[in-house]
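Data block below; observations after.
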């Protein structure tokens, strides 16, 4: 899938409103991200605000944390990118560029289980741009949805605003691929862990109420999972979690919505 044109249209529609970029890896990938951020800041009139969402601490050694920004800007300057580094430092100083580190990003939960505070925070942005394979898999709950599931239909079940997802394919968790394209890519071994293929998905606007979030809330209302008493037999905890997962899938099964295979 290549929604690059739709992404450009979403950025144009955002005008001077806020864009959130959910970062992935540091190093040269962060350098590329900062080039994109510089473009986002320079192309909007009136000037827009760009917020970078970094991790509070690395989950993988390469994950971007806020402290990575200063040495990356210094490296850019040393490599002859002084004007770029200067523009980004100025944007940080005047508030057009901002960095946040929500704790949610260091946890294992899918995006549809994001806390209400983060859901409301992302809803304030005109567009959220997620980077990388791990963030893409969290958008899908790291579940094996049918590969021809429409990405936009799924995201509109719970995502609160316009969304763009940039991802290099490094696992079999994938949607938005028609059977003919999937067959050709599979023959070339481009759908697994090679990183030889990439996707760009764009979804305009969000839709409420959220089917996935409402099903999750319905299941959370029952005493299962982490609510099992501390010190209980581990088998009881596993059984309670399995029961909760079954209820969640049953909730989805009763709705007209795409769902992953068992």
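In the numbering used here, the protein residues as written are 316 to 577.
Beta carbons: idealized from backbone N, C-alpha and C, even for Gly.
Treat the numbers as computed from the prediction; the structure is a model and nothing was measured.
Can you name the start and end residues of the alpha helix (DSSP H) that residue 477 belongs to? Here residue 477 belongs to no alpha helix (DSSP H); instead the beta strand (DSSP E) covers 477 to 483.
Residue 363 versus residue 400 - alpha carbon distance: 18 Å
7 Å CB neighbourhood of residue 414 in its chain, flanking five on each side removed: 367, 369, 381 and 384
Using a Cβ-Cβ cut-off of 6 Å (strictly less than) and excluding sequence neighbours within five positions of residue 518, which residues of its own chain qualify? 467, 470 and 478
To the nearest angstrom, report how far apart residue 480 and residue 395 are at their CA atoms. 30 Å
At which residue ranges does the stretch 338 to 370 contain complete beta strand (DSSP E) runs of 3 or more residues, listed in the order of the chain? 365 to 368
When you compare only the Cα positions, how much space is there between residue 333 and residue 452? 24 Å
Identify the continuous alpha helix (DSSP H) that holds residue 321 and give its terminal residues. 319 to 329
For residue 451, the three-state DSSP class (helix, strand or coil): helix
7 Å CB neighbourhood of residue 361 in its chain, flanking five on each side removed: 331
Exposed or buried, what is residue 375 when buried is set at 16 or more other beta-carbons lying within 10 Å of its beta-carbon? exposed
For residue 383, is the beta carbon positioned less than 7 Å from some heavy atom of the ligand GDP? The model depicted lacks the ligand GDP and carries no ligand whatsoever.
Of the residues 373, 379 and 328, the one placed nearest residue 358, counting alpha carbons only: 328
From which residue to which residue does the alpha helix (DSSP H) around residue 466 run? 466 to 470
Please state the DSSP three-state secondary structure of residue 412. strand
Excluding the 5 residues flanking residue 417 on each side, which residues of the same chain have their C-beta closer than 6 Å to its C-beta? 433
What are the boundary residues of the beta strand (DSSP E) that includes residue 444? 442 to 446
Which partner residues of residue 516 appear in the DSSP bridge assignment? 480
Using the beta-carbon count (16 or more within 10 Å), is residue 405 buried or exposed? exposed
The stretch 437 to 451 contacting the stretch 334 to 341, beta-carbon criterion three pairs below 8 Å: yes
According to DSSP, is residue 553 part of a helix, a strand, or is it coil? Reliability fails at residue 553, whose pLDDT of 43 lies under 50, so the model's placement of it is uncertain and no value is given.
Work out the CA separation of residue 425 and residue 534 for me, nearest whole Å. Annotation note: pLDDT 46 at residue 534 (below 50); position unreliable, no value reported.
Counting along the chain, where does the alpha helix (DSSP H) carrying residue 383 start and finish? Premise fails: residue 383 is in no alpha helix (DSSP H) and is neither H nor E.
Between the alpha carbons of residue 318 and residue 515, how many angstroms are there, rounded? 5 Å
When you compare the CB positions of residue 365 and residue 356, do they come within less than 8 Å of one another, or not? yes
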